[in-house]
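Chains A and B, in that order, give the protein sequences. Heads up: the first sequence begins at 1 in this note's numbering, then just goes up one per residue. Heads up: the second sequence begins at 1 in this note's numbering, then just goes up one per residue. This report concerns only the one structure given below.
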Amino acid sequence: MQEATFLILTALADGSQHGYGIIAEVQQISGGRVRLRAGTLYTALDRLRADGLTEVDREEIVDGRLRRYYRLTPAGTRRLAAEAARLQVNARAALARLKPSGVVP
Amino acid sequence: MTGPSRLERGYRRVLACYPKAFRRDSEEEILAVLLAAAREGQRRAGLAESVDLIKGAVRMHLGMSRAPRPVRNAARLMCLGAVLTLADAGTVMLTLGGVRSAAVQDIDFAGGQWHIFVLAVIVPALASTPVVAGVWLWLAWAIGRGYARARFALKVFFSLLTAGWLIELAMGGGRGATPVTWPDLLATTALWLVGLVALLLVFSQAASPYYQQEPAHQ
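Set out below in C-alpha cells:
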C-alpha cells in the first residue's frame, strides 16, 4: 500500500472527513511531511471507492459549494488494520536490529 | 473581476481535462477543496497543483483509477508489454550480426538465403513492431476502461503471442531451420509471460465483475 493511501485511510479511521479535511489530517498525521494535492487525493479516493475501502458518508452544501464526506467501509477498516500491523512488525524488527548501533534508544 | 473568480476559472480550465462523468460527479467538490487550499490572495492556479490535476485526469482517462487492483496491474503489465516489444525489436537489430553468423556457420545459409530470411522474417517483424506495441497500449486502455470485448481481444492477442513464441522456440536458439538468437528468444518469452500474467489477472475472480457493468468514465 502506498504511503498516501495509508495516510488517507488513517485520516478516515476515527470518523468521516471531507476532501479538505483529509488533506489537513494527512498533513497533521505525517507531521507536515506529506501534503496531498487535490488531484492525488481524488484519484486515490476514486480508486479506494472502487476497491470498496471507502464510501460516501454524506453530502452538504457549504457556502454554495458541495462538500462530500467520506468514511471507511468495514473492508477498509480491516485493510488499514492489517497494513498498520504489518508496518508495526517491520518497524519493530528494524528498531531491534538498530539498537546495538546506538542510533536508536 | 475579483481574485477568487479568476482563480476559480483557472481551476475549472484545468478540471476540464477530466472525463465528463467524473466532472459531473466531482468537479464542484474538487473545486471547493482547491479553493479552500489556496493561499490568501492567490489569483492563479498553481503550477504544481495544475500538474497534479492533469496527472489525475490522465489516470482517469486511462480508466486506471476505478478498475479493481488486478485490472490495474494487468493494464500496467500491458504497458510494459509495449515497452518490451520495442526493446525486442531493438534486440533483433543489435544482434543481427550474431544472427547472420549463426545462419552462415551453423545452418549453412548461403548469401541469397540470408537476404530472403531478412526480407521474409526480420523486415516484417521490425515493421510490425509499432503496430504490436500499439495493440498492447490499446489493450491496456480498453481493459482498464472495462470493455468486455477487450477481454476477448486479449485472448486472441495472447493466442497469437503464444503461436509466435512456439514458432520461435521451434527455431531454437540458432540450431533449427532458421536462425534465432537467445536474446531474441528470451525477449519473446518475457513478452509471452507478460501476456500470460495479464490474461490471468483480467480473467481472475476479482476482475470479472468489472466487465459485467457499464464501462467506466465514458
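Just so you know, even glycine gets a beta-carbon here, dropped at the ideal spot from N, CA and C.
Residues of the region 61-92 of chain A in Cβ contact with chain B at a cutoff of 7 Å, in chain order, please. From the region 61-92 of chain A, only Arg65, Leu66, Arg67, Arg68 have a Cβ closer than 7 Å to chain B.
Quick one: using the 10 Å Cβ neighbour count with 16 as the cut-off for buried, is alanine 94(A) buried or exposed? Counting Cβ neighbours within 10 Å, alanine 94(A) comes out exposed, since fewer than 16 surround it.
List the residues of chain B whose Cβ lies closer than 8 Å to the Cβ of glycine 19(A), in chain order. Among the residues of chain B, those whose CB is under 8 Å from the CB of glycine 19(A) are Glu29, Ile30, Ala32, Val33, following chain order.
Excluding the 5 residues flanking threonine 188(B) on each side, which residues of the same chain have their C-beta closer than 8 Å to its C-beta? Cβ neighbours of threonine 188(B) beyond the five flanking positions: Asp88, Gly164, Trp165, Glu168.
To be precise: take each residue of the region 34-55 of chain A, compare its Cβ to all Cβ atoms of chain B, and keep it if any distance is under 7 Å. Which residues remain? Result list: Arg37, Ala38, Gly39, Thr40, Tyr42, Thr43, Asp46, Arg47, Ala50, Asp51.
At the 8 Å Cβ level, is isoleucine 29(A) part of the contact set with chain B, yes or no? With 8 Å as the cut-off, isoleucine 29(A) does not count as an interface residue toward chain B.
Excluding sequence positions up to five away, which residues of its chain have a Cβ less than 6 Å from the Cβ of arginine 67(A)? So the list reads His18, Glu60, once near-sequence residues are dropped.
7 Å CB neighbourhood of alanine 96(A) in its chain, flanking five on each side removed: The answer is none, since no qualifying residue turns up.
Beta-carbon of isoleucine 8(A) versus every beta-carbon of chain B: anything under 8 Å? No, no contact with chain B.
Applying the 10 Å Cβ sphere with the 16-neighbour rule, what's the burial state of glutamate 49(B)? Its Cβ being crowded by 16 or more others within 10 Å, glutamate 49(B) is buried.
Could you check how far apart the C-beta atoms of methionine 78(B) and alanine 198(B) are, in whole angstroms? I think they sit under 8 Å. Going by Cβ atoms, the distance from methionine 78(B) to alanine 198(B) rounds to 5 Å, so yes, they are a contact pair.
CA-CA distance, aspartate 25(B) and threonine 43(A)? In this structure, the CA atom of aspartate 25(B) is about 13 Å from the CA atom of threonine 43(A).
For the region 202-213 of chain B against the region 145-156 of chain B, are there 3 or more C-beta pairs whose distance is under 8 Å? Segments in contact, yes.
What would DSSP say about aspartate 51(A), mapped onto helix, strand or coil? Assigned with DSSP and collapsed to three states, aspartate 51(A) falls in coil, not helix or strand.
Host alpha helix (DSSP H) of arginine 79(A) (start-end): Element bounds for arginine 79(A): 74-98.
Using a Cβ-Cβ cut-off of 8 Å, state whether leucine 53(B) counts as contacting chain A. Yes, contact with chain A.
Expressed to the nearest angstrom, what Euclidean distance is found between the alpha-carbon atoms of alanine 75(B) and isoleucine 143(B)? When rounded, the distance between both Cα atoms is 7 Å.
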